[in-house]
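Engineer: I have a structure I would like to understand better, so I am pasting it below and will then ask my questions one at a time.
Number of protein chains: 2
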Amino acid sequence: MLIQEKVTVGLGDRSYPVLIGEGLLASAGSLLAGCLPGNKVLIVTNPPVRALYGKMLQHSLQEAGYDVSLTLVPDGEQYKNLTTMAGLYDAAVAARLERSSTIVALGGGVAGDQAGFLAATFMRGIGFVQVPTTLLAQVDASVGGKTGVNHPRGKNLIGAFYQPRCVLVDPATLQTLPDREVGAGFAEAVKTALLGDEALFRFLEADPAAVQRRELGAITRLVAACCHTKAKVVAADEQEAGLRAVLNLGHTFGHAVETLTGYQVYRHGEAVAIGLVAACRLAETVTGLPAEVTGRVYRLLRAAGLPVSFPAFPAAAWRQAFSLDKKVSGSRVTFVLPTDIGLYPVLKHIPLDAAIKIIGRLTS
Amino acid sequence: MLIQEKVTVGLGDRSYPVLIGEGLLASAGSLLAGCLPGNKVLIVTNPPVRALYGKMLQHSLQEAGYDVSLTLVPDGEQYKNLTTMAGLYDAAVAARLERSSTIVALGGGVAGDQAGFLAATFMRGIGFVQVPTTLLAQVDASVGGKTGVNHPRGKNLIGAFYQPRCVLVDPATLQTLPDREVGAGFAEAVKTALLGDEALFRFLEADPAAVQRRELGAITRLVAACCHTKAKVVAADEQEAGLRAVLNLGHTFGHAVETLTGYQVYRHGEAVAIGLVAACRLAETVTGLPAEVTGRVYRLLRAAGLPVSFPAFPAAAWRQAFSLDKKVSGSRVTFVLPTDIGLYPVLKHIPLDAAIKIIGRLTS
Numbered sequence: 239m240l241i242q243e244k245v246t247v248g249l250g251d252r253s254y255p256v257l258i259g260e261g262l263l264a265s266a267g268s269l270l271a272g273c274l275p276g277n278k279v280l281i282v283t284n285p286p287v288r289a290l291y292g293k294m295l296q297h298s299l300q301e302a303g304y305d306v307s308l309t310l311v312p313d314g315e316q317y318k319n320l321t322t323m324a325g326l327y328d329a330a331v332a333a334r335l336e337r338s339s340t341i342v343a344l345g346g347g348v349a350g351d352q353a354g355f356l357a358a359t360f361m362r363g364i365g366f367v368q369v370p371t372t373l374l375a376q377v378d379a380s381v382g383g384k385t386g387v388n389h390p391r392g393k394n395l396i397g398a399f400y401q402p403r404c405v406l407v408d409p410a411t412l413q414t415l416p417d418r419e420v421g422a423g424f425a426e427a428v429k430t431a432l433l434g435d436e437a438l439f440r441f442l443e444a445d446p447a448a449v450q451r452r453e454l455g456a457i458t459r460l461v462a463a464c465c466h467t468k469a470k471v472v473a474a475d476e477q478e479a480g481l482r483a484v485l486n487l488g489h490t491f492g493h494a495v496e497t498l499t500g501y502q503v504y505r506h507g508e509a510v511a512i513g514l515v516a517a518c519r520l521a522e523t524v525t526g527l528p529a530e531v532t533g534r535v536y537r538l539l540r541a542a543g544l545p546v547s548f549p550a551f552p553a554a555a556w557r558q559a560f561s562l563d564k565k566v567s568g569s570r571v572t573f574v575l576p577t578d579i580g581l582y583p584v585l586k587h588i589p590l591d592a593a594i595k596i597i598g599r600l601t602s
Numbered sequence: 239m240l241i242q243e244k245v246t247v248g249l250g251d252r253s254y255p256v257l258i259g260e261g262l263l264a265s266a267g268s269l270l271a272g273c274l275p276g277n278k279v280l281i282v283t284n285p286p287v288r289a290l291y292g293k294m295l296q297h298s299l300q301e302a303g304y305d306v307s308l309t310l311v312p313d314g315e316q317y318k319n320l321t322t323m324a325g326l327y328d329a330a331v332a333a334r335l336e337r338s339s340t341i342v343a344l345g346g347g348v349a350g351d352q353a354g355f356l357a358a359t360f361m362r363g364i365g366f367v368q369v370p371t372t373l374l375a376q377v378d379a380s381v382g383g384k385t386g387v388n389h390p391r392g393k394n395l396i397g398a399f400y401q402p403r404c405v406l407v408d409p410a411t412l413q414t415l416p417d418r419e420v421g422a423g424f425a426e427a428v429k430t431a432l433l434g435d436e437a438l439f440r441f442l443e444a445d446p447a448a449v450q451r452r453e454l455g456a457i458t459r460l461v462a463a464c465c466h467t468k469a470k471v472v473a474a475d476e477q478e479a480g481l482r483a484v485l486n487l488g489h490t491f492g493h494a495v496e497t498l499t500g501y502q503v504y505r506h507g508e509a510v511a512i513g514l515v516a517a518c519r520l521a522e523t524v525t526g527l528p529a530e531v532t533g534r535v536y537r538l539l540r541a542a543g544l545p546v547s548f549p550a551f552p553a554a555a556w557r558q559a560f561s562l563d564k565k566v567s568g569s570r571v572t573f574v575l576p577t578d579i580g581l582y583p584v585l586k587h588i589p590l591d592a593a594i595k596i597i598g599r600l601t602s
């Protein structure tokens, strides 16, 4: 049996399965045959991923009788914008997609975000399937229905909530993923374990390098557990009216790090690793989080080779970086603060000064 | 009492009211106070409509305590594209809109389609209100949640289904609308009466020029009846999976007319008028529609000064125009054919040749 794990994202008539298993990519055609209405499919991927897995996916879909086209988006967050979207609309027209057609995202979060926005907005919404090939996309980006592109003035400012019909995760694709990308995905997984799955946290602590060694069993368990927790949160709050904000744990500090370093120094997951430790430290003083929890988070991230200290910038620069964040109002910032390992965090409006003091203590 | 009519579009937790009444525009602020969560509003309008009604709306919203910005889109279907959208995203950023903010569309269908798509996709969806100022938008475009822009290769190819929180219709705005625009809206109203409201059809027949004379009572009745019928269809089939297609009555022929004349000769509603007569004629041979019905439709449209004959083009040109339509598969075209006045039409896949023969008989 190819499918080792199946997680259902429960959203009423838009519920969908996340299927996880080694070799799923080569069987995509038969796995999707039941859930795609039309016979036209447009694969959206990037050049390196196409070289590795494009033919396999294309062939599998063709074998199942689909009329398959493929289009490329540049690899990199800096190209995730309206200009690239315009090219995708042209590709959808050139492929003569119809209302019953399906967009298949093959790649990481950048390809998935844009392919999803294309699916959400072409002919006012056509079919969408995610085939994530990075650990970050497998544990995080491909569940939840956030799609979109960046505006020069803000990340993901243009987009839609749009759910896929199915997510296919093949852990074997991580064999070709650079170590650093695996680490970045691992940081998001630690975040998810910290906010909602103590057993997963212990599992990661027991052998922090198993995922980095690409052990399929460990990856499968990790991906399934993360999708399960995220699905639970998303099902309760699809459009981020309340609970869903807990998924931003580590991200307020993380975004500030990314902003100040111009998105050039840290991968998103690495910035989240730094942000997680900072959120724990802040929680120690605000919500009384035991220092022991911070220690465990710190050691787990370190053991996976992730950064945990802030780069050095003057306090004024941090102040400026936070003030660009959507979560700021007045002189207070909304932080997501952990309460314990495996328990939902709480949202607190903290004076900016307190946050910047924490950063001072954590600067490398 | 300002509100003369209220129609509810029933879409579960996304239901919304259409309020109709003379002078509503000047009271927009207090009318909307109950349904807009945040305090920032961005009005999207075009230069002529701003000159007429921009200040009144802006003032009314400011009086109610809203922080109001206004941005312009060029007037005309040819500017309804991704380039204009990019400018709207910039305007939304410049206005510092937040997730709780609201986009207010003030104008006709073009402004509404783009403002709606902006609301649907800025920060993955913010508030949206329609204040239609053309008859076409009042009877048709502002109900149903279709938003979007054109692609060089197809109308409304990029867009989303996105419902407003409220629609405010002030029939007094038609006093400043050119006669030809009133006629174009009248054609869509005839379509709606034909497909679902016999009493409205008789009302229009009794005095076809009352709307053209801008009689407020006639306009209010017309708008309320059209919104009611459209709301009923949309509530049953929000995303055009089935029934909603009846709203395309007259549009397959109409779109072909618009395509062949490069969108330069006829207003959309005028092309629909031509299309309605053609659909009736085709229905006579396909579904046995009594010729008497065709006659009534023909006379009503003529009495309102609308075109009812096809422009002359060779059969090959018509064939080409139809083949660009989304509703074509193979050599057959899907037509919406009336069955009687006030009854839902039926969908039929007709050989292209039969349709082109009808056109030959109706060429002026």
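Chains as they are written, first to last, in the numbering used here: chain P, 239 to 602; chain C, 239 to 602. From the three backbone atoms N, C-alpha and C, an ideal C-beta is built for every residue, glycine too. Predicted, not measured: the structure shown is a model, and the values here were computed from it.
1. Can you list, in chain order, the residues of the segment 347–373 of chain P whose Cβ is nearer than 7 Å to any Cβ on chain C?
2. Would a C-beta distance cut-off of 8 Å place T340 (chain P) and P409 (chain P) closer than the cut-off?
3. Give a yes or no on whether 8 Å exceeds the smallest Cβ distance from Q376 (chain C) to chain P.
4. Can you tell me whether DSSP reads Y608 (chain C) as helix, strand or coil?
5. Around the Cβ of H506 (chain P), are there at least 16 other Cβ atoms within 10 angstroms (buried) or fewer (exposed)?
6. State the beta-bridge partners of T385 (chain P) as determined by DSSP.
7. Got a sec: which bits of the segment 569–588 of chain P sit with their beta carbon under 8 Å from any beta carbon on chain C, in order along the chain?
8. Identify whether G392 (chain C) lies in helix, strand or coil by the three-state DSSP scheme.
9. Helix, strand or coil: which one does DSSP assign to A542 (chain P)?
10. In this structure, how does DSSP classify K293 (chain C) when only helix, strand and coil are distinguished?
11. Beta-carbon of G303 (chain C) versus every beta-carbon of chain P: anything under 8 Å?
12. I need the straight-line Cα distance from A447 (chain C) to Y582 (chain C), nearest angstrom please.
13. Compare the C-alpha of A343 (chain C) against each of C:I258, C:A554, C:V503 and C:G365 and name the closest.
14. Against chain C, which members of the segment 393–410 of chain P pass a CB distance test of less than 8 Å?
15. Does DSSP put K318 (chain P) in a helix, a strand or coil?
16. State the CB to CB distance for the pair A469 (chain C) and V245 (chain C), rounded to an integer number of angstroms; the pair is presumed to be in contact (CB under 8 Å).
17. Return no unless some Cβ of chain C is closer than 8 Å to the Cβ of A324 (chain P).
18. Given A463 (chain C), which residues of its chain have a CB within under 7 Å of its CB, disregarding the five upstream and five downstream residues?
19. Leaving out five residues before and five after T594 (chain C) in sequence, what residues of the same chain have Cβ atoms less than 6 Å from its Cβ?
20. Give me the DSSP bridge partner(s) of A343 (chain C).
21. Give a yes or no on whether the C-beta atoms belonging to F399 (chain P) and G383 (chain P) are separated by under 8 Å.
22. Quick one: what's got a C-beta closer than 6 Å to L257 (chain P)'s C-beta in the same chain, skipping five residues either side?
23. Just to confirm the assignment, what range does the beta strand (DSSP E) spanning S307 (chain C) have?
24. Secondary structure at V571 (chain P), three-state DSSP: helix, strand or coil?
25. Count the other CB atoms, across all protein chains shown, that sit within 10 Å of the CB of K293 (chain P); report buried if there are 16 or more and exposed otherwise.
26. Anything in chain P within Cβ reach of Q477 (chain C), meaning under 9 Å, just list it in chain order.
27. From the DSSP output, in three-state form, read off C607 (chain P) for me.
28. With DSSP as the reference, identify every bridge partner of L585 (chain P), one or two as the case may be.
29. Helix, strand or coil for E336 (chain P) per DSSP?
30. Whole angstroms is fine: what's the gap from V471 (chain P)'s alpha carbon to L481 (chain P)'s?
31. My understanding is that L432 (chain C) touches V535 (chain C), with C-beta atoms under 8 Å, so please give their C-beta distance in whole angstroms.
32. In three-state DSSP terms, what is T458 (chain C)?
33. Taking 8 Å as the cut-off, decide whether the C-beta atoms of P576 (chain P) and L539 (chain P) are in contact.
34. Which one of P:V495, P:S253 and P:R403 has the shortest CA to CA distance from L369 (chain P)?
35. Closest Cβ-Cβ distance between H506 (chain C) and chain P: below 8 Å?
36. Could you tell me which of C:L395, C:L373 and C:E336 sits nearest to F355 (chain C), measuring between CA atoms?
Structural biologist: Judging by the given coordinates:
1. So the list reads A358, T359, F360, M361, R362 and G363, given in the order they occur along the chain.
2. For the purposes of this step, residue 340 (chain P) is taken as residue 102 along the first sequence, with counting starting at 1. For the purposes of this step, residue 409 (chain P) is taken as residue 171 along the first sequence, with counting starting at 1. Between T340 (chain P) and P409 (chain P), the C-beta gap is not smaller than 8 Å, which leaves the two residues out of contact.
3. Counted from its first residue, the second sequence places residue 376 (chain C) at position 138. By this cut-off, Q376 (chain C) is not an interface position.
4. Nothing can be reported for residue 608 (chain C), as the shown portion of chain C is limited to 239 through 602.
5. Within the first sequence, numbered from 1, the residue matching residue 506 (chain P) stands at position 268. H506 (chain P) counts as buried, since at least 16 other C-beta atoms from the protein chains shown sit within 10 angstroms of its C-beta.
6. Within the first sequence, numbered from 1, the residue matching residue 385 (chain P) stands at position 147. Looking at the DSSP output, T385 (chain P) shares a beta bridge with P:A398.
7. Shown here is that no member of the segment 569–588 of chain P has a Cβ falling below 8 Å from a Cβ of chain C.
8. Taking the first residue of the second sequence as 1, we reach residue 392 (chain C) at position 154. Here G392 (chain C) sits in strand by DSSP.
9. Taking the first sequence and counting its residues from 1, one reaches residue 542 (chain P) at position 304. Under the three-state reduction of DSSP output, A542 (chain P) falls in the coil class, being neither helix nor strand.
10. Working through the second sequence from its first residue, we reach residue 293 (chain C) at position 55. Here K293 (chain C) sits in helix by DSSP.
11. Indexing the second sequence from 1 puts residue 303 (chain C) at position 65. G303 (chain C) is outside the set of residues whose beta carbon lies under 8 Å from a beta carbon in chain P.
12. For the purposes of this step, residue 447 (chain C) is taken as the residue at position 209 of the second sequence. For the purposes of this step, residue 582 (chain C) is taken as the residue at position 344 of the second sequence. Computed Cα separation, rounded: 26 Å.
13. The residue given as residue 343 (chain C) occupies position 105 in the second sequence. Nearest option by C-alpha distance: C:G365.
14. Taking 8 Å as the Cβ-Cβ cut-off, the segment 393–410 of chain P approaches chain C at N394, L395, I396, G397, A398 and F399, given in chain order.
15. For the purposes of this step, residue 318 (chain P) is taken as residue 80 along the first sequence, with counting starting at 1. The answer is coil: DSSP assigns K318 (chain P) none of H, G, I, E or B.
16. Within the second sequence, numbered from 1, the residue matching residue 469 (chain C) stands at position 231. Within the second sequence, numbered from 1, the residue matching residue 245 (chain C) stands at position 7. At roughly 6 Å, the Cβ-Cβ gap stays under 8 Å, so A469 (chain C) and V245 (chain C) are in contact.
17. By 1-based counting over the first sequence, the position of residue 324 (chain P) is 86. By this cut-off, A324 (chain P) is an interface position.
18. The residue you call residue 463 (chain C) lines up with position 225 of the second sequence. In its chain, beyond the 5 residues on either side, D435 and L438 have a beta carbon closer than 7 Å to the beta carbon of A463 (chain C).
19. For the purposes of this step, residue 594 (chain C) is taken as residue 356 along the second sequence, with counting starting at 1. A quick correction: the sequence has Ile, not Thr, at residue 594 (chain C). Excluding positions up to five away in sequence, the list reads A553 and W556.
20. Locating residue 343 (chain C) in the second sequence gives position 105, counting from the first residue. Paired residues: C:V282 and C:Q368.
21. For this step, residue 399 (chain P) is matched to residue 161 along the first sequence. For this step, residue 383 (chain P) is matched to residue 145 along the first sequence. Yes, these two residues count as a Cβ contact at 8 Å.
22. Taking the first sequence and counting its residues from 1, the one referred to as residue 257 (chain P) is at position 19. Excluding residues within five positions, the ones whose Cβ falls inside 6 Å are I241, K244 and L406.
23. For the purposes of this step, residue 307 (chain C) is taken as residue 69 along the second sequence, with counting starting at 1. D305 to L310 is the extent of the beta strand (DSSP E) around S307 (chain C).
24. Locating residue 571 (chain P) in the first sequence gives position 333, where the first residue counts as 1. V571 (chain P) falls in the strand class under three-state DSSP.
25. Numbered from 1 along the first sequence, position 55 holds the residue referred to as residue 293 (chain P). Residue environment analysis places K293 (chain P) among the exposed positions, since fewer than 16 neighbouring C-beta atoms fall within 10 angstroms of its C-beta.
26. The sequence position of residue 477 (chain C) within the second sequence is 239, counting from 1. Chain P residues near Q477 (chain C): R362 and G363.
27. Given a span of 239 to 602 for chain P in the structure shown, any question on residue 607 (chain P) remains unanswerable.
28. For the purposes of this step, residue 585 (chain P) is taken as residue 347 along the first sequence, with counting starting at 1. In the DSSP assignment, the residues bridged to L585 (chain P) are P:V574.
29. For this step, residue 336 (chain P) is matched to residue 98 along the first sequence. Coil at E336 (chain P), not helix or strand.
30. For the purposes of this step, residue 471 (chain P) is taken as residue 233 along the first sequence, with counting starting at 1. For the purposes of this step, residue 481 (chain P) is taken as residue 243 along the first sequence, with counting starting at 1. Using only the alpha carbons, I get a separation of about 7 Å.
31. As a working mapping, residue 432 (chain C) is identified with position 194 in the second sequence. As a working mapping, residue 535 (chain C) is identified with position 297 in the second sequence. Going by Cβ atoms, the distance from L432 (chain C) to V535 (chain C) rounds to 6 Å, so yes, they are a contact pair.
32. As a position in the second sequence, residue 458 (chain C) is number 220, starting the count at 1. In the three-state scheme derived from DSSP, where H, G and I count as helix and E and B as strand, T458 (chain C) is classed as helix.
33. Working through the first sequence from its first residue, we reach residue 576 (chain P) at position 338. Working through the first sequence from its first residue, we reach residue 539 (chain P) at position 301. Cβ distance not < 8 Å, so P576 (chain P) and L539 (chain P) don't count as in contact.
34. Within the first sequence, the letter at position 131 stands for residue 369 (chain P). Per the sequence presented here, residue 369 (chain P) reads as Val, with Leu not at that position. Here the closest residue by C-alpha is P:R403.
35. Residue numbering aside, residue 506 (chain C) sits at position 268 when the second sequence is read from its first letter. Not an interface residue.
36. Here residue 355 (chain C) is taken as the residue at index 117 of the second sequence, counted from 1. Comparing Cα-Cα distances from F355 (chain C) to each of C:L395, C:L373 and C:E336, the minimum goes to C:L395.
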